[in-house]
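The opening position of the sequence shown corresponds to residue 1 in the UniProt record's numbering, with each subsequent residue numbered one higher.
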Amino acid sequence: MTTPAFLSSRNIGLDFLRAILILEGVLYHAARSLPGGNSWYYVADKNPSLIFSSLIEFIHTFRMEAFFFLSGMFSAMVFLRKGQSFFFENRRKRVLVPLIAAFAFIPGIMYWLSSTIKGVDTSASGLLAAYMQLHHLWFLVSLSAISFFVPARLYQTLATFARRLPFPLWLAALIIAANSLFVVKFAVKDLGELITLIPVTARFCVYYAAGYALYLNRDAIPQLAKHPLLNTAFVTLLAIICYSAFFLTMKFNLQGVAKYIPVLLSSVFSVIFSYWVIFFFEKLRMKESRIVNTVVDSALVVYILHYPIAIGFAWLLDDYLPDNYPVSYVLIVTAIASGLSALCYMLIKRNSFLSTLFGLKAKPAKALVSVS
């Protein structure tokens with residue numbers, strides 16, 4: 001990898017990576033209906049799958065971390081190339097407007113769906129109270145807050161700091177900062193979702209800042225990519241250790257401090273993985289294709305719309321799918337939620353107003369051919 005080549009032009013591989021990180025959320029939300037996890041809208045009467053559930057929980061510890069890291073890197077690139085005004089306008093169109101549009105109907109749908117699953121009546125007061133919950137839209141709120149309220153000068157200062165520190169110490173600083181905010185999150189978790197979102201946003205801002213600093217210090221990337229901590233064998237070994245920790249915790253139902261050992265191990269992995277996966281996908285040099293471009297373009301819309309669909313079909317299909325095939329159950333729900341959301345994306349894409357609401361470019365109308 002040469003310095004001028006790193007993001008010197010659009011890299012569809014990194015765009016595709018960002019889309020995959022978003023879309024994995026569909027699988028995660030479908031899998032949450034399996035027994036053994038935290039409270040959820042609907043827990044299916046299925047046999048638990050320790051191997052699969054451990055994998056899902058492990059992926060969940062680095063998916064959004066890598067997403068915010070990548071977002072920070074892209075933000076730095078846009079800031080340097082297009083300027084602050086373009087960046088804010090882009091964030092308004094691609095993040096803030098879709099957030100507002102989604103928030104207009106997602107809490108209401110989720111309130112109705114949750115009431116239907118529980119078999120309770122709905123009410124106007126209940127509907128209003130439902131709009132105090134962000135559901136899966138929290139990451140758009142966090143991304144908006146980080147983009148609009150954290151000054152770029154802070155990221156530039158951190159980039160200078162990162163350049164001066166040896167890479168292992170910089171990684172350690174990121175891990176300590178992220179874990180400290182993780183502790184704060186649990187300390188305030190009973191104060192409500194909006195309060196909890198503050199340390200959550202601050203924690204993901206650490207990853208965003210790291211990605212931002214990486215782009216500003218991109219001249220050091222050729223040397224950084226060869227660091228032993230980013231060696232594929234080491235990253236793979238660390239992934240196996242983290243996954244094994246999740247599996248053993250679930251298998252033996254560990255409680256207390258032991259319950260958080262997999263999370264702490266994964267906090268180390270998530271920082272290292274964020275660097276490694278970006279270097280990996282950047283070097284792939286993927287070529288644009290219709291399928292890849294569609295996945296990239298549709299990812300946010302599919303993610304916004306899948307949530308009630310996945311939960312609804314997890315509830316509807318529970319009695320019709322065998323209890324001893326929990327993974328098949330999750331994959332079927334994931335496929336249905338993804339497929340129906342993708343269908344909605346295609347319909348939205350054809351309407352200029354809806355395209356604007358969801359941060360898309362409307363599909364151009366076919367030009368009329370004159371017949372002479």
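Built from N, CA and C at the ideal position, the CB exists for glycine as well.
DSSP-derived helix/strand/coil call for leucine 354 | It is helical.
Checklist entry - So, alanine 310 versus isoleucine 22, is the Cβ gap smaller than 8 Å? => result No, these two residues do not count as a Cβ contact at 8 Å.
**Short Cβ contact (8 Å threshold) for phenylalanine 167 with leucine 224** = Yes; because the gap between Cβ atoms is below 8 Å, this pair is in contact.
Local Cβ density within 10 Å of tyrosine 131, reported as buried at 16 or more and exposed below that
With fewer than 16 other Cβ atoms inside 10 Å of its own Cβ, tyrosine 131 counts as exposed.
If you run the structure through DSSP and keep just helix, strand and coil, what is phenylalanine 252? Here phenylalanine 252 sits in coil by DSSP.
Please give me, in chain order, every unbroken run of the beta strand (DSSP E) with length at least 3 that falls completely inside the region 165 to 215. If we require 3 residues or more, the region 165 to 215 turns out to have no beta strand (DSSP E) run fully inside it.
- request: Just mark asparagine 11 as buried or exposed, buried being the case when its beta carbon has 16 or more other beta carbons within 10 Å.
  value: Residue burial annotation: asparagine 11 is buried, with at least 16 other C-beta atoms found within 10 angstroms of its C-beta.
Exercise. So is valine 257 buried or exposed if we call it buried at 16+ other beta carbons inside 10 Å?
Worked result: Looking at its Cβ environment, which holds fewer than 16 other Cβ atoms inside 10 Å, valine 257 is exposed.
Query raised in the report: Since alanine 44 contacts serine 33 with CB under 8 Å, what's their CB separation in whole angstroms?
Result: Yes, they are in contact, since the Cβ atoms of alanine 44 and serine 33 sit about 5 Å apart, within 8 Å.
_I need the straight-line Cα distance from tryptophan 138 to leucine 197, nearest angstrom please._
If you take the alpha carbons of tryptophan 138 and leucine 197, they lie about 8 Å apart.
Do you know how far the Cα of alanine 233 is from the Cα of asparagine 253? Roughly 30 Å separates the two Cα atoms.
Are serine 75 and phenylalanine 86 touching if we call contact CB-CB under 8 Å? Cβ distance not < 8 Å, so serine 75 and phenylalanine 86 don't count as in contact.
Along the chain, where does the alpha helix (DSSP H) that runs through residue 379 open and close? For the chain, the structure presents residues 1 to 372; residue 379 sits outside this window and is missing.
How big is the Cα-Cα spacing for lysine 46 and leucine 331?
Approximately 14 Å, taken between the alpha carbons.
message: Closer than 8 Å is the cut-off here; do at least three beta carbon pairs connect the region 237 to 247 with the region 258 to 267?
response: By the criterion of at least three beta-carbon pairs nearer than 8 Å, the region 237 to 247 is in contact with the region 258 to 267.
My parser needs the alpha helix (DSSP H) runs of 4 or more residues fully inside the region 26 to 68; what are they? The region 26 to 68 contains these whole alpha helix (DSSP H) runs: 50 to 60.
Less than 8 Å between the beta carbons of isoleucine 117 and tryptophan 315, yes or no? Yes, the Cβ-Cβ distance between isoleucine 117 and tryptophan 315 is below 8 Å.
Simplified DSSP assignment, three categories, for glutamine 133: Under the three-state reduction of DSSP, glutamine 133 is assigned to coil, being neither helix nor strand.
Worksheet item: Taking Cβ to Cβ, would you say leucine 360 is nearer than 8 Å to valine 301?
Response: Yes, the Cβ-Cβ distance between leucine 360 and valine 301 is below 8 Å.
For the alpha helix (DSSP H) that glutamate 288 lies in, which residues bound it at each end?
No alpha helix (DSSP H) contains glutamate 288, which DSSP labels as neither H nor E.
Review point. I think valine 334 touches alanine 30, with their Cβ atoms under 8 Å apart; what is that distance to the nearest whole Å?
Key: In the sequence as displayed, the identity of residue 334 is threonine instead of valine. So it is a contact: roughly 4 Å between Cβ atoms.
Straight-line Cα distance separating methionine 73 from proline 4 = Summary for proline 4: the model assigns pLDDT 46, below 50, so the residue's position carries little reliability; its value from the coordinates is reported in the next sentence. Computed Cα separation, rounded: 16 Å.
**Item:** Residue range of the unbroken alpha helix (DSSP H) whose run includes glycine 359
**Value:** First-last for glycine 359: undefined, no H or E at that position.
Secondary structure at aspartate 15, three-state DSSP: helix, strand or coil?
DSSP places aspartate 15 within a helical segment (H, G or I) once states are collapsed to three.
- Query: What are the boundary residues of the alpha helix (DSSP H) that includes alanine 337?
  - Reply: Counting along the chain, the alpha helix (DSSP H) containing alanine 337 begins and ends at 326 to 349.
Relative to the ligand SAM, is the shortest distance from any of its heavy atoms to the C-beta of aspartate 121 smaller than 7 Å?
Questions concerning the ligand SAM fall outside what the structure shown contains, since it holds no ligand whatsoever.
What is the rounded straight-line gap between the Cα of cysteine 344 and the Cα of leucine 354?
If you take the alpha carbons of cysteine 344 and leucine 354, they lie about 11 Å apart.
Consult DSSP for alanine 225 and reduce its assignment to one of helix, strand or coil.
Residue state, collapsed to three classes: coil.
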